[in-house]
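What follows is a short report on a single structure.
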Amino acid sequence: MKPIGEIISEHSSGKVKFHKREETESFGDALNAYDDKKYVTSANICAVLYEKIFTTRLANETANPDGFVPSKENIEEQLQNLLNREVQIIEMEKLSFRKITKKLVDAGVLTPDEKNEYDTFYTEIRNPVAHGLTLRLYEPMLGHTPSNTFEIDANYEIVYRHASEILIDKIYNLMTVKALRKQ
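This is how it looks when you write it as structure tokens:
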């Protein structure tokens, strides 16, 4: 895992590129929250961003109809296609994360093994963070079960610090190795 300080430095210098400016800013917000020791906030921003990255890539990959050739002359049409596709994915089809990753496999963006890895991460890390399920995160983050309920509350900060670090690293790797960045 890359040290968070190095990720913060690379992000600040513009070396970490996302699909959209709002994704770049969200990642910056997560890094700032981490740096301010607001680990729950950092982890939650990353949990939302993790899913958004996949949704955005699917929209980017499938926005234009077959045979459409993007050019400078049809930029407005490209933008409209992208906007319509995002609405379709989110509001009309209401695609779950697993359906989004399945469509990315179908589009040749992900392999079945990558899909499985991302889906597992979604279930084991992203979902417990997004839904505030500290108990589900406790053992994976600290390596042992809590001995009582008070131990969970007493250690929530360390649990979310670890979860935040894992989420930041995962998102960083997704974007810097261009696994989900359209080339």
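Residue numbers (the numbering used here): 271 to 453.
Built from N, CA and C at the ideal position, the CB exists for glycine as well.
Owing to the predicted nature of the structure, the values given are computational and were not obtained by experimental measurement.
Sequence-distant residues of its chain with Cβ nearer than 7 Å to Ile-395 (five each side left out): Closer than 7 Å at the Cβ level, and outside the excluded window around Ile-395, lie Ala-433, Ile-436 and Leu-437.
Measuring straight from C-alpha to C-alpha, what distance separates Gln-453 and Ile-360? With a pLDDT of 46 at Gln-453, under the threshold of 50, the modelled position of that residue is not reliable, and the figure given next carries that caveat. When rounded, the distance between both Cα atoms is 24 Å.
Expected contact under 8 Å - CB spacing of Thr-326 and Glu-293 to nearest Å: 7 Å
In terms of residues, what are the limits of the alpha helix (DSSP H) holding Pro-398? For Pro-398, the uninterrupted alpha helix (DSSP H) segment begins and ends at 397-400.
Looking at Leu-374 and Lys-364, is the spacing between their C-beta atoms short of 9 Å? Between Lys-364 and Leu-374, the gap from beta carbon to beta carbon reaches 9 Å or more.
Quick check: what's the CA-CA separation for Gly-454 versus Leu-319? For the chain, the structure presents residues 271 to 453; residue 454 sits outside this window and is missing.
For Pro-410, three-class secondary structure by DSSP: helix
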